[in-house]
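First up is the structure itself, then whatever we jot down about it.
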Amino acid sequence: MSEREKYIQALPFSALIDVGCGTGETVVELAGLCPKAHFVGIDINNDVLSKAQEMLYGGLLTVDADYVCGNCLNMPIASNSADAIMFRAFLHHIEQIDCVFEEAHRILRRNGFLLIQDGEEMPALLFDEMNMALSRSGASKEVHPGFNIDKLTEQLKKYSFVTETVIREGVATFATPPFVSKVYSTISFLLSARKI
Ligand SMILES: C[S@@+](CC[C@H](N)C(=O)[O-])C[C@H]1O[C@@H](n2cnc3c(N)ncnc32)[C@H](O)[C@@H]1O
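As structure tokens, this is what we get:
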């Protein structure tokens, strides 16, 4: 088991919201680690949610999950209703990061955990090169070049989140062929911050 998985398995949560859940891989993986927890996956795209729903019935694992269509800037989730929120491979797509932190703060109970799994910041030149290549192939540009952990920690403080731990492990992929001619990736991290 990876260090990241061990850390998540030991977290004391019973209800986790996976924001930008896509086709539900994260929910299924986390349910394998924490089978007693209830999961809610939220995504703005209904098509991926249908696939996520299908995965619940196709697997061997019993997953206690609901999928909801919604925008991360105004989630259809009650305040103080979750003790963990996951943003996996999601935050670097979002322009208004501050609004998402505000929403996460509203939804989490006190002492709840915000888990951000994403990539570290790539050099500006590489980011520009990647976005030019994405534009040439007609694909959407990436919004952020990944994150500087110290800056992210400072930004989270404004919303009363305290960084508890950072685990750097593996790679985070941003753009890959055929949209670009090479793989653009950086070091992957899991940042865990507690709402105080
Ligand atoms: C790269 S995928 C990550 C999927 C999943 N978290 C994973 O790790 O496999 C990013 C997801 O964020 C969703 N997304 C983008 N903008 C969103 C928004 N404003 N509100 C909710 N979901 C959003 C996209 O539809 C997409 O499914």
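Take the sequence shown: its letters are residues -18 to 177, numbered as in the numbering used here. Cβ atoms here follow ideal geometry from the backbone N, Cα and C, with glycine treated the same way.
Cβ-heavy atom distance, residue i to ligand 1, below 7 angstroms
i	result
N55	no
T7	yes
F(-6)	no
G1	yes
D79	no
A70	yes
H74	yes
N52	yes
N26	yes
V29	yes
I97	no
I23	yes
CB of residue i within 8 angstroms of CB of residue j, strictly
i	j	result
G22	G39	no
V0	I66	yes
I168	E101	yes
A46	F20	yes
T154	S173	no
F170	D99	yes
C50	D28	no
Close-in-space but distant-in-sequence residues of the same chain around residue i (CB under 7 angstroms, 5 per side omitted)
i	result
K178	No information on residue 178 is available, as it lies outside the stretch -18 to 177 that the chain covers here.
E(-16)	I148 and E150
E76	V124
Sequence-distant residues of its chain with Cβ nearer than 6 angstroms to residue i (five each side left out)
i	result
Y48	G22, L30, A33 and Q34
F68	V0 and I97
N61	R90
M103	P126, G127 and T167
Residues near residue i in its chain [Cβ-Cβ closer than 8 angstroms; skip 5 each side]
i	result
A156	M111, A114, L115, A120, E123, V164 and Y165
D64	P(-7), F(-6), S(-5), A(-4), L(-3), L89, R90, N92, G93 and F94
C15	I(-11), Q(-10), L(-8), F(-6) and L(-3)
Minimum Cβ-Cβ distance from residue i to chain D less than 8 angstroms
i	result
Y140	This model lacks chain D altogether, as it is built from one protein chain only.
- Task: Take every Cβ of the segment 47 to 58, pair it with every Cβ of the segment 81 to 99, and state whether three or more of those distances are shorter than 8 angstroms.
- Result: yes
- Query: So, do the segment 127 to 145 and the segment 56 to 70 have three or more beta carbon pairs nearer to each other than 8 angstroms?
  - Reply: no
- What residue ranges within the segment 124 to 170 form continuous alpha helix (DSSP H) runs of no fewer than 4 residues, ordered along the chain? Secondary structure within the segment 124 to 170: the alpha helix (DSSP H) runs of 4 or more consecutive residues, fully enclosed, are 130 to 138 (chain order).
- Task: Return the chain-ordered ranges of every alpha helix (DSSP H) run that is complete within the segment 48 to 72 and spans a minimum of 4 residues.
- Result: Runs found: none.
- Item | Contiguous alpha helix (DSSP H) assignments of at least 4 residues, all confined to the segment 99 to 126 | With a minimum length of 4 residues, the continuous alpha helix (DSSP H) runs that stay inside the segment 99 to 126 are 105 to 117.
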